[in-house]
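Inspection log for the structure reproduced underneath, given as structure tokens.
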Amino acid sequence: MKTILEAIDVKKIYKVGRVEVPALRGVSLKMREGEFISIMGPSGCGKSTLLHILGGLTHPSEGKVIVDGEEISSAKDAARTDIRRRKIGFVFQRYNLLPTLSAQGNLDIAREIFKNGRAHDEHTKEILELLGLDHKTKHKPSEMSGGEQQRVAIARAVINRPAILLADEPTGNLDSENSQAVLSLLQELNRTLNQSIIMITHNPEAAAVANRLVQMRDGRIISYEHDLSWNAREDKIYI
2 MKTILEAIDV KKIYKVGRVE VPALRGVSLK MREGEFISIM GPSGCGKSTL LHILGGLTHP
62 SEGKVIVDGE EISSAKDAAR TDIRRRKIGF VFQRYNLLPT LSAQGNLDIA REIFKNGRAH
122 DEHTKEILEL LGLDHKTKHK PSEMSGGEQQ RVAIARAVIN RPAILLADEP TGNLDSENSQ
182 AVLSLLQELN RTLNQSIIMI THNPEAAAVA NRLVQMRDGR IISYEHDLSW NAREDKIYI
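With the sequence shown counted from 1, adding 1 to any position gets you our numbering.
What follows is the structure, given as structure tokens:
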């Protein structure tokens with residue numbers, strides 16, 4: 002099974018005046034293509050910092066991150082931006098849609114940014130149908146519910162077939178009904194398109210939709226669980 006992401010002894014230290022504050026204390030993680038991993042832990046445990054480093058939004062203080070065969074952690078800004086553009090999709094708690102554009106317009110912007118043609122019309126249609134958005138393409142964000150806006154944000158993140166989808170508390174702004182709908186859609190993307198997903202959450206019910214659970218505390222991974230169907234695919238699984 003192909004390794005799609007690997008983090009090796011990643012550390013992150015922030016300086017507050019003369020004081021050093023460790024956010025990550027040596028995190029290692031290996032993810033295979035097609036996995037859906039939840040990273041769970043209390044506020045301040047370092048899970049969002051880890052996600053930002055895995056996505057190339059932040060440099061680690063020490064350690065290495067490799068995304069689909071390319072090291073992103075030590076790359077210069079332009080190279081890191083290029084890797085993010087080609088290989089990583091992001092979904093955040095805030096939907097971050099452009100308010101003056103329709104759902105289709107928001108997707109078209111994402112397609113334009115990624116210029117190698119992989120996000121063709123048939124794939125776009127498949128994504129819209131899978132996420133139940135094919136009848137919402139002309140609606141602006143103000144004309145959609147929070148759940149619908151988050152579905153557009155997910156569609157935008159995967160429209161260019163990224164190697165990895167990183168989701169940071171994607172249900173944090175949603176009620177329970179819409180939260181379950183969004184989580185079900187992430188599962189469907191994973192099953193139907195074999196989309197590799199890492200999701201950050203503090204909610205055990207949300208974390209349970211993944212096929213692998215990683216728990217963090219105080220900047221470290223303290224435990225992890227594997228789905229038995231994944232254990233059957235390899236003799237050895239490790240993080």
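Idealized CB from N, CA, C, for every residue including glycine. Remember, it's a predicted structure, so these values are computed and weren't measured experimentally.
Residue burial annotation: proline 43 is exposed, with fewer than 16 other C-beta atoms found within 10 angstroms of its C-beta. Closest by C-alpha distance to alanine 164, out of Ala76, Gly90, Ala207 and Leu131, is Gly90. Taking C-beta separations shorter than 6 Å and ignoring five residues to either side along the sequence, the partners of histidine 53 in its chain run Thr59, following chain order. For valine 183, the enclosing alpha helix (DSSP H) has its first and last residue at 177 to 194.
In the structure shown, the three-state DSSP call for threonine 172 is coil. Spatial neighbours of serine 62 in its own chain (CB-CB distance under 6 Å, excluding positions within 5 residues in sequence) are listed in chain order as Lys12, Lys13 and Ile14. Leucine 6: member of the beta strand (DSSP E) spanning 4 to 17, first to last residue. By the C-beta criterion, the segment 35 to 49 is judged to be in contact with the segment 201 to 216, since at least 3 inter-stretch pairs fall below 8 Å. Residue pairing by DSSP puts serine 39 in a beta bridge opposite Met200 and Leu214. Lysine 137 carries a coil assignment under DSSP once its states are collapsed to helix, strand and coil. For arginine 162, no beta strand (DSSP E) run applies, since DSSP gives it neither H nor E. A residue is called buried when at least 16 other Cβ atoms come within 10 angstroms of its Cβ; lysine 16 does not meet this threshold and is exposed. Going by beta carbons, valine 159 and asparagine 107 fall outside the 9 Å limit. The DSSP-derived three-state label of proline 23 is strand.
For asparagine 191, same chain residues with a beta-carbon under 6 Å away, outside a window of 5 residues either side, are Phe37 and Ile198 in chain order. Contact between the segment 163 to 180 and the segment 144 to 151 is present: three or more C-beta pairs spanning the two stretches fall below 8 Å.
At the C-beta level, proline 171 and leucine 194 stay beyond 9 Å of one another. Per DSSP, reduced to three states, the secondary structure at leucine 58 is coil, with no helix or strand assignment. Residues of the same chain with a CB within less than 7 Å of the CB of lysine 48, apart from the 5 flanking positions on each side, are Ile40, Gly42, Ile201 and Met217 in chain order. Shown here for glutamate 7: same chain residues with a beta carbon closer than 6 Å to its own, the five before and five after excluded, namely Lys31 and Ile67 in chain order. Looking only at Gly56, Gln105, Gly45 and Lys126, the smallest Cα-Cα distance to phenylalanine 93 is reached by Gly56. Straight through space, the alpha carbons of threonine 125 and glycine 18 are spaced by roughly 48 Å. Around the beta carbon of serine 75, fewer than 16 other beta carbons lie within 10 angstroms, which makes this residue exposed. Here DSSP, grouped into helix, strand and coil, assigns glycine 64 to strand. Annotation for leucine 132: Arg152, Ile155, Ala156 and Leu186 place their beta carbon closer than 7 Å to its own, counting only its chain and skipping 5 residues before and after. If you check the CB distance, valine 28 and isoleucine 222 come in under 9 Å.
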